[in-house]
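Quick note: the sequence shown uses the UniProt record's numbering, first residue 1, plus one each step. Cβ atoms here follow ideal geometry from the backbone N, Cα and C, with glycine treated the same way. It should be emphasised that the depicted structure is a prediction, and the values quoted were computed from it without experimental measurement. A short worksheet on the structure shown next.
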Amino acid sequence: MVMKPCEISVPQELQSRIGSDFFLDTVSDESLLARCQSPMGAICLQSLEALGLSSLMPTKGVDKLAEFVLHIEGGYPDTLYHCKLHGADVTHRLVTILNRTGIAQAINEQDWVLNVAMLIAGAVHDYRHPQVNNNFLVQQESSMALQFNDQAVAENFALRESRKLLCEQIDLRGVLFGNDSHKDRWRKFGSTVIQSVLATDMSQHFQILGRFTTIIAENPKYKNKCTSVMWKEMSDEQRLLTLQMAIKVADLGHNSLPIELSKQWVQRLQDEFFRQGDEEARLGMRISPLMDRRKPGVFSGQAQVGFFEIIVIPLYEAWVQMFPQCQCLLDQVKANYNYWKSVKY
């Protein structure tokens, strides 16, 4: 049974940390957030303050958003990597990035509903995740893969199912946008959610990172400018690309947590990968790389060092080049990289 919005509680010790603490523990046995009845509900409600939305959203809108988030949380698995805590973890990190960089404030100066869009994008990005990767779904010709023509299968599924919930059951649109005079804002809201979630498909990683580096990070026009000025000077395309990068940094953010927390997420990912490998073996498929439990998996120094060098470090370096407010994330990424280099297996 889904909780009611009025039943969401945020521990007092977390109220000042949600939306501001890059290193919030969302996964360990000691995590206050993980012990909440609704971790994602707590994150989303408290994030309204961090995003500057508390005074901008109508009360009914807050209630509808909470109702939506509770339904979304109920669609996440309870265990392994792509689970409820991952949804809460990524949403929290995304909100913290938007807050600490000043992007949230810059958005509010133009149209605050895009901050709501990003909050929703973080919450739904892995909604009803099958806990196997897209390649498995495509190779199996699963119904999900067929529905989306083998393109960003899990991401498109999460979007379709969450948008149906948003439009047909929760009707957040009616609360936020009222009558039909706001169709353009609603379309931009929807497009922001869609393009942000699709950006978490790792098959798009190098394209998005390359475009961000070329169009924004290496653009002398934005050098040494504060976020509010830079945001005003950006085109809509550049703003969207920046938001796509923000959710990517958030989605891969377990790599920027203190190493003992990061290792717990990597262990969860390995468990999920090995389970997929077991299923591939059962079906007579070739077992995917790093998914054969008879061999070293992602929880190995070699695998992690390669992933950091190819994916994680370039992503964080490009982001911090534009938003030095996130330097502590890059510092932790490099510390974790050095840890994995020291691991002998």
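Residue 242 - containing alpha helix (DSSP H), residue span: 236-251
What is the DSSP secondary structure of residue 124, counted as helix, strand or coil? helix
Three-state class that DSSP yields for residue 2 in the structure shown: coil
First and last residue of the uninterrupted alpha helix (DSSP H) at residue 233: 227-233
Would the beta-carbon of residue 15 fall within 9 Å of that of residue 37? no
Buried or exposed for residue 283, going by 16 or more other Cβ atoms inside 10 Å? exposed
Close beta carbons around residue 5, own chain, < 6 Å, minus the five adjacent residues each side: 63, 66, 67
Would you kindly work out how many angstroms separate the C-alpha atoms of residue 152 and residue 136, rounded to a whole number? 12 Å
Would you decide whether residue 272 is buried or exposed? Buried here means 16 or more other CB atoms lie within 10 Å of its CB. buried
List the endpoints of the continuous alpha helix (DSSP H) containing residue 308. That residue, residue 308, is in no alpha helix (DSSP H); it is neither H nor E in DSSP.
Thinking C-beta only, is residue 262 closer than 9 Å to residue 276? no
Look up residue 28 in the DSSP assignment and say whether it is helix, strand or coil. coil
Cβ neighbour criterion (16 or more within 10 Å) applied to residue 233: exposed
Below 8 Å, how does it come out for the stretch 303-316 and the stretch 72-91: are there three or more Cβ pairs, yes or no? no
Give me the residue from 278, 344, 27, 44 with the minimum Cα distance to residue 115. 44
I need the straight-line Cα distance from residue 279 to residue 226, nearest angstrom please. 50 Å
So residue 185 packs on residue 113, CB below 8 Å; how close in whole Å? 6 Å
Can you find the residues in the same chain that come closer than 6 Å, C-beta to C-beta, to residue 341, ignoring five residues on each side of it along the sequence? 305
What does the alpha-carbon distance come out to for the pair residue 176 and residue 241? 24 Å
What is the rounded straight-line gap between the Cα of residue 251 and the Cα of residue 200? 7 Å
Between which two residues does the alpha helix (DSSP H) holding residue 193 run? 183-198
Per-residue burial, residue 221 [other beta carbons within 10 Å of its own, 16 or more giving buried]: exposed
Going by C-alpha distance, which of 74, 33, 110, 52 is nearest residue 235? 110
Neighbourhood of residue 209 by C-beta distance below 7 Å, restricted to the same chain and skipping five residues each side: 314, 315, 318
Once DSSP output is grouped into helix, strand and coil, what is the label at residue 284? coil
Our contact map puts residue 126 next to residue 158 with C-beta atoms below 8 Å; I'd like the distance itself, whole angstroms only. 6 Å
With DSSP collapsed to three states, give me the class of residue 34. coil
In angstroms with no decimal places, state the Cα-to-Cα distance between residue 130 and residue 142. 11 Å
If you draw a straight line from the C-alpha of residue 223 to the C-alpha of residue 103, how long is it? 16 Å
Based on Cα-Cα distance, which residue from 333, 123, 99, 196 lies nearest to residue 88? 123
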